[in-house]
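Below is one structure, written out as structure tokens; comments come after it.
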Amino acid sequence: MFRFLVKRFAMIPLVVLGVVTILFIIFKSVPGDEAAFVAGATATQEEIEAVRIRLGLDRPLAEQYLKHLAGLAVGDFGYSTTFRGNPLPHIVDRLPATVALTVSAIILTIVAGIPAGIVAAAFRNRWPDYLISFTVVGLLAVPNFWLGMLLIAFLSVNLGLLPSFGASGPASLVIPTLALAARLIALVARMTRGVVIEELRKDYVRTARAKGLSHDGVLRGHVLRNVMIPTVTVIGLQTGYLLGGSVVIERLCAWPGIGDLLLTAVSVRDYTLVQAIALIFVVSFLVINIAVEIIYRFVNPRLRYA
Amino acid sequence: MQRRTLLTGAAGAMLLSALPATTLRAFAQTSQGVITFGQSTAVLTLDPAHGAFTGYPGGYEAALVLFDRLLDFDADMTIVPQLAESYRMSDDLKSCELKLRTGVTFHDGTPCDAAAVKFNIERMMNKEINTTNRPLWDPISGVDMVDDTTIVIRMSAPFAQLPNTLAHGSGAIVSPAAIEKFGEDSFAQNPVGAGPYRLDSFNAGQELVLKAYDGYWGGAPGATGIVFRFIAEPATRINALTTGAVDVIDAVPVHLVGQLSGNADIEIARRPGLRPIGLAFNLTRPALQDVKVRKALNLAVPVATIAERVFFGFAKAPDSPLAFDAIGHRTVGETVFDQAKAKALLAEAGYSAGADGILEKDGEKLSLSFFAPDGLFPGDVAVAEIVAASLRQVGVDAAINKIEKGAYWDHLRQDKANLAWDMAMFGFNPSNASGTYHLASLFKSNADDNGKPDVWNIARYRNEKVDTLLETASSAPEESARLDALGEAQALIWEDAPYLWLQINENVSAAGKSVSGLGVLPIVFTTLRNASKA
């Protein structure tokens, strides 16, 4: 376990360096002159050149790249035109909101998706199964921003139960969490149902039943443990999707996370800020993947000795 | 009872108690006396220098209540006193004497006197510190302090628009002591002005909280505070207003106005903007150098129908190269939709239909490369498609080239060799409301038509008469002579048709009934300066 962790964490700097390099290349090849954006629409060519020199954009690309790396090493993401300096403190300020939203969506997925899948499997081809499967198909088909709009219209505008936007207390978390988690809940429920049905057909289940265990006893004691492995995989992989989805949902619900900040940065052409947030998304994705691998080892003992 | 059941039940109860029913309705109410404004753009920086107030227009809207300026625009875009009690331009338009209001203090308690004003104007003149809005500030050559309440601003050349510059958002007067305290880089996050509201808390990109300033020279403002809240999504803004979570919203999309207009608790505020949208013709192309062709293209497009159908009546057909509320606007023509006449004009210009129905002359097809951005101007793609289809009906082939927003300006401001377009959608917003500034930016001859345009004369329009008239419009001592010259220039430009004139869009905002005094300025801004809340 220890060696595994060391190996995994040793990989992070390498991957991050690769990502930083790719992001740097992408942002240098984006159409549009960064200096001209900063200088504004009415700037003359001389003013644009002055800005270019001030931001160091006139230097050779290799030099800019090395300076960028040296800055990152000490937590300096560069000059953000939005915040007139290093954007890191502002990103860190926004991070908890995004983490809260993502974590609550995952918790909701676990407490709603897995039981729904098990119930559907246990009542296979009877009305609870039909009801759940029908809902699942619906949730998979609905785009999350549209579901979010419906939830706002219904829960907030019509019923007045919840705030329609922003982050003013725990109740504000409900609508974005539902909108963000809906697709993942459906995915997990559908998969859990399939895996449970498959497991119930296996020999060990028949043996257990033959030995006199009840249907529920087999389900709880044996089947569920095996169901957890693919479920953890799906949830882990989909957490990346949650980060992407959070951009849309944060904007829709005016939730003050980094996804919302990313879109603001794009709209004012703050390349430094966009680059910094993209990097943070990538690093979170890496960390989540490692966390998933660690959880595997708890869920599936076979992996511990591999 | 099993332990597991107990735990589940307890967890459920905890979840439920987190949402006590009695507090639920309270979420959807704003505090008394405080106006909450759901803005479509985030407030990011609050400094008139260093790139000015961002994002646009959200930052300017906040600046309008946080800072006072020497002069102000009233609702009809007429210039009125603010921190200056009066001003007098010299006869040669090369200097201006301003009498300052006495006893004015900044939010930090320091006096807003002649020394502070001098500091501010010199700060805006400094190209290193103030990188944007240069055309407004470059003509100023110096400031003299006559006494504690009198200053004289000097210009290097006659500059009739000086009052417009001082009334412009970037004319905000900031506290010199605060610049000293926070430094040039940090003032934008810690703004201190002399306006009716002072800073309470600022979370850039999310929320700006202002409180009424007790020491304001004009007495207590109409609200005890203003909260600027960034809500990017139009539907969410509308929902927030409907539930009463915000009091005011801006940028209501015209197709969503219907959701609000039926609501008795909500009032819609609308005002035509200062930015006429049009298609700039590339006048370096031989086909477009013929004024008959340009006029024919203008006749072929149903502009009034576009205003009516695409924008649900929240747009108007123009009657001049300037928008209705620009200072010096004069009605000089009207948009006419007459495709038969368009065809006749094109025939006169020597064009006849080819085998595929596209007009041609000397074997050269009338095929135009048509650049339009996606999402930069209201309904740009829809309008572009209607224009292209209309031109097709008179035998002109216009191939739409949809350009990504970020790269669009670069495509427009190219040197001649790299101009890829024959027609390009463009709209200029004269942020100081001056018609002279608008026409000079778009239609004053470039120094060199082969290079990049000096300002925004991307069409490469060149008319010596217009140049002379614009010179008169900015330097004649008599105001009436300036306005006449400007009017004549509008007529000449309209007749020369260097643009295919399209619509002028309205700015639409909405407010709850408890708010009164909401203003929508033609320069995009929704202003809460005179707003109060019951």
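Top line first, the protein sequences correspond to chains A and B. -1 is the number of the first residue of the first sequence in the numbering used here; add one for each residue after it. 95 is the number of the first residue of the second sequence in the numbering used here; add one for each residue after it. All C-beta atoms in this analysis are idealised placements derived from N, C-alpha and C, irrespective of residue type, glycine included. Since the structure is predicted, the reported quantities are computational estimates derived from the model, not experimental observations.
Looking only at its chain, what residues have a beta carbon closer than 7 Å to the beta carbon of residue i, apart from the 5 residues adjacent to it on each side?
i	result
B:Asp47	The shown model of chain B, from 95 to 628, leaves out residue 47 of chain B, and the question about it has no answer.
B:Phe522	Arg369, His532, Ser535, Leu536, Trp550
B:Ala115	Confidence is the limiting factor: at B:Ala115 the pLDDT is only 38, short of 50, which leaves the residue's position unreliable and the question unanswerable from this model.
B:Asp166	Val174, Gln176, Ala261
B:Asp202	Ser269, Ala271, Ala272, Val286
B:Leu564	Thr530, Leu533, Ala534, Lys538, Ala583
B:Tyr502	Pro467, Leu470
B:Met249	Lys188, Ser189, Pro233, Ile234, Ser235, Leu256
A:Val272	Leu260, Ala263, Val264
For a quick check, are the C-beta atoms of residue i and residue j less than 8 Å apart?
i	j	result
A:Gly257	A:Ile183	no
A:Val297	A:Ile227	yes
B:Asp268	B:Phe408	Before going further, note that residue 268 of chain B is Val rather than Asp in the sequence given. It is not a contact, given that the beta carbons lie outside the stated cut-off.
B:Pro637	B:Phe324	There is simply no residue 637 of chain B to check, as chain B begins at 95 and stops at 628 in what is shown.
A:Val281	A:Thr80	no
B:Thr196	B:Thr148	no
A:Ser120	A:Ile130	It should be noted that the sequence gives Ala, not Ser, for residue 120 of chain A. No, the Cβ-Cβ distance between A:Ala120 and A:Ile130 is not below 8 Å.
A:Leu241	A:Ile89	no
A:Thr229	A:Ile116	no
B:Ala625	B:Ala317	yes
A:Phe143	A:Val246	yes
A:Leu106	A:Ala179	yes
B:Phe671	B:Pro472	No information on residue 671 of chain B is available, as it lies outside the stretch 95 to 628 that chain B covers here.
B:Ala339	A:Ser170	no
Using only the alpha-carbon positions, how far apart do residue i and residue j sit?
i	j	result
A:Thr96	A:Thr237	12 Å
B:Gly448	B:Glu454	6 Å
B:Pro592	B:Ala518	11 Å
B:Gln255	B:Met218	16 Å
B:Met171	A:Ala139	51 Å
A:Pro87	B:Ser574	55 Å
A:Phe2	A:Ile286	15 Å
B:Thr566	B:Ala169	27 Å
A:Leu176	A:Gly192	24 Å
B:Ser463	B:Val211	50 Å
B:Asn392	B:Trp595	7 Å
A:Met9	A:Leu15	10 Å
B:Glu572	B:Leu230	21 Å
B:Asn220	B:Ile494	42 Å
B:Ser446	A:Gln62	57 Å
B:Arg569	B:Met183	In the sequence under discussion, the amino acid at residue 569 of chain B is Ser, which differs from the Arg named in the question. Spanning the two alpha carbons is a distance of roughly 11 Å.
A:Arg57	A:Ala98	41 Å
Which residues in the same chain as residue i place their Cβ atom closer than 8 Å to its Cβ, once the five residues preceding and following it in sequence are excluded?
i	result
B:Ile587	Pro415, Leu533, Phe537, Tyr555, Asn557, Val560
B:Ile497	Phe465, Ala466, Pro467, Asp468, His505
A:Val4	none
B:Gly299	Ala136, Val137, Leu138, Phe324
Using DSSP bridges, identify the partner residues of residue i.
i	result
B:Arg601	Per the sequence shown, residue 601 of chain B should be read as Asn rather than Arg. Looking at the DSSP assignment, B:Asn601 forms a beta bridge with B:Arg365.
B:Trp595	B:Gly372
B:Asp241	B:Thr244
A:Thr205	Answer is none; A:Thr205 lacks a bridge partner.
A:Thr133	Per DSSP, none; premise fails for A:Thr133.
Using a Cβ cut-off of 7 Å, pull out every chain A residue sitting near residue i, in sequence order please.
i	result
B:Ile325	Phe163, Ala252
B:Thr330	Ile150, Ser162, Phe163, Leu250, Cys251, Ala252
B:Asp279	Arg82, Gly83
Taking Cβ-Cβ distances shorter than 9 Å, what residues in chain A pair up with residue i?
i	result
B:Asn333	Met147, Ile150, Ala151, Ser154, Val155, Ser162, Phe163
To which residues of the same chain is residue i closer than 6 Å at the C-beta, ignoring the five residues directly before and after it?
i	result
A:Asn224	Glu197
A:Ala33	Ile46, Val49, Arg50, Leu55
B:Ala398	Ala411
B:Asp516	Asn376, Arg379, Leu462, Ser463
B:Leu577	Gly422
B:Tyr310	Pro290
Applying a beta-carbon distance threshold of less than 8 Å, which residues of chain A neighbour residue i?
i	result
B:Leu138	Thr80, Phe81, Thr262, Val266
B:Lys546	Gln43
B:Lys221	Glu45, Ala48
Any beta carbon of chain C sitting closer than 8 Å to that of residue i?
i	result
A:Leu259	Here the protein chains are A and B, and chain C is not one of them.
So residue i contacts chain B; which residues on that side make the cut at Cβ distance below 8 Å?
i	result
A:His88	Ala298, Gly299
A:Val36	Gly145, Thr225
List the residues of chain B whose Cβ lies closer than 7 Å to the Cβ of residue i, in chain order.
i	result
A:Pro58	Chain B residues near A:Pro58: none, gap ~22 Å exceeds 7 Å.
A:Asp31	Asp504
Residues of chain B with a CB under 9 Å from the CB of residue i: which are they?
i	result
A:Val272	Residues of chain B passing the Cβ test: none, with the nearest at roughly 11 Å.
A:Gly192	Residues of chain B passing the Cβ test: none, with the nearest at roughly 25 Å.
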